[in-house]
Amino acid sequence: MVPTKKEELRDLVTQTTMETYEELTPHLVQLINETNSNPELTESQKQDEISLHMMGFVKSCTNEIIIEVLGEILGL
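Here's what the structure looks like:
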């Protein structure tokens, strides 16, 4: 579907966002669980690692959303 109005574009972005976050969340949860169970890290280091995981997750989701929406619009 190629949006012709801002509302259609908003709906496309929203739907793609929900799908992307649902698809990528299990990997984030796995990374957080692995970090939390790593006995070699202090609590502070664990929090730092989890923050990095979260930033990477958001970046990955954002990139995927942009690619999917542009791909849909451009018919790729």
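Residue numbers (the working numbering): 5 to 80.
The beta carbon of each residue, even a glycine, is placed where N, CA and C say it ideally should be.
Original post:
With Ile69 and Val33 assumed to form a contact (beta carbons below 8 Å), what rounded beta-carbon distance in angstroms separates them?
Top reply: In fact, because the Cβ distance is near 19 Å, the residues do not count as touching under 8 Å.
**OP:** Using the Cα positions of Glu27 and Ile77, report the straight-line distance between them to the nearest angstrom.
**Re:** Straight-line Cα distance between these residues: approximately 21 Å.
Original post:
Considering only C-alpha positions, which residue in the set Thr8, Leu80, Val73 is nearest to Thr24?
Top reply: Out of Thr8, Leu80, Val73, Val73 has the C-alpha closest to the C-alpha of Thr24.
**OP:** Just the C-alpha distance for Leu13 and Pro7, rounded to the nearest angstrom, thanks.
**Re:** Whole-angstrom Cα-Cα distance: 5 Å.
Original post:
CB-CB under 8 Å to Leu45, same chain, minus the five flanking residues each way: which ones, in chain order?
Top reply: Same-chain partners within the cutoff: Thr39, Glu53.
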